[in-house]
Amino acid sequence: MPAPVLHLGATVLCSHAGQATPLAPFARVLLSGQPAVTLTSPYAIAACALTGTPNPPCVTAQWMTGATRVMAGGAPVATMTGMATCIPTGTPLLPVAAQARVLAT
Numbered sequence: 012m013p014a015p016v017l018h019l020g021a022t023v024l025c026s027h028a029g030q031a032t033p034l035a036p037f038a039r040v041l042l043s044g045q046p047a048v049t050l051t052s053p054y055a056i057a058a059c060a061l062t063g064t065p066n067p068p069c070v071t072a073q074w075m076t077g078a079t080r081v082m083a084g085g086a087p088v089a090t091m092t093g094m095a096t097c098i099p100t101g102t103p104l105l106p107v108a109a110q111a112r113v114l115a116t
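Residue numbers for the sequence shown follow the working numbering, so the first one is 12 and each next one is one higher.
Written out as C-alpha cells, the structure is:
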C-alpha cells in the first residue's frame, strides 16, 4: 500500500514524545523543497521523556523497513508506514506528519 515518503521537515517522534531528526537526508532528491530521507540515515532524538528516570532515554533511531520499489541514491526511502527502532530503548519511532504529494510502495 502506498505511503507518504518522509523528508527533513516531517514530524517524527519517539514513543516518549522526543523529537526525531534525520542526520543524513539525501539532498539530491527534494520533497516539498526539503531533502528526502532514506533507510540509511540515522535519526537523532532530542527531549525524550525518559530523561530523569532510571531507564536510559532514546538517543538515536534507525529505520528498518520502508519503500520496496522507490529508491534515492540506491537506498530505499523511508515512509510513514515503515518501521524504525530507537536505541537503546528498542521502542518504535512514530511518524506524525509528512508531505502528502509523493507516495511510495
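Here a beta-carbon is modelled for each residue, glycine too, at the ideal position from N, C-alpha and C. What you are looking at is a predicted structure, and each value in this text was computed from that prediction instead of being measured.
CA-to-CA distance, residue j to residue i, given in whole angstroms
i, j, result
"residue 84", "residue 48", "11 angstroms"
"residue 79", "residue 52", "16 angstroms"
"residue 87", "residue 30", "23 angstroms"
"residue 116", "residue 104", "19 angstroms"
"residue 97", "residue 45", "24 angstroms"
"residue 33", "residue 17", "10 angstroms"
"residue 77", "residue 59", "24 angstroms"
"residue 56", "residue 38", "21 angstroms"
Which of helix, strand or coil DSSP assigns to residue i
i, result
"residue 12", "coil"
"residue 19", "coil"
"residue 51", "coil"
"residue 31", "strand"
"residue 95", "strand"
"residue 36", "coil"
"residue 107", "strand"
Expected contact under 8 angstroms - CB spacing of residue i and residue j to nearest Å
i, j, result
"residue 109", "residue 21", "4 angstroms"
"residue 24", "residue 107", "6 angstroms"
"residue 14", "residue 91", "5 angstroms"
Practice task
Could I get the ranges of all uninterrupted beta strand (DSSP E) runs contained in the region 43-89, with 3 residues as the minimum, in chain order?
Solution key: 45-47, 54-57 and 71-74
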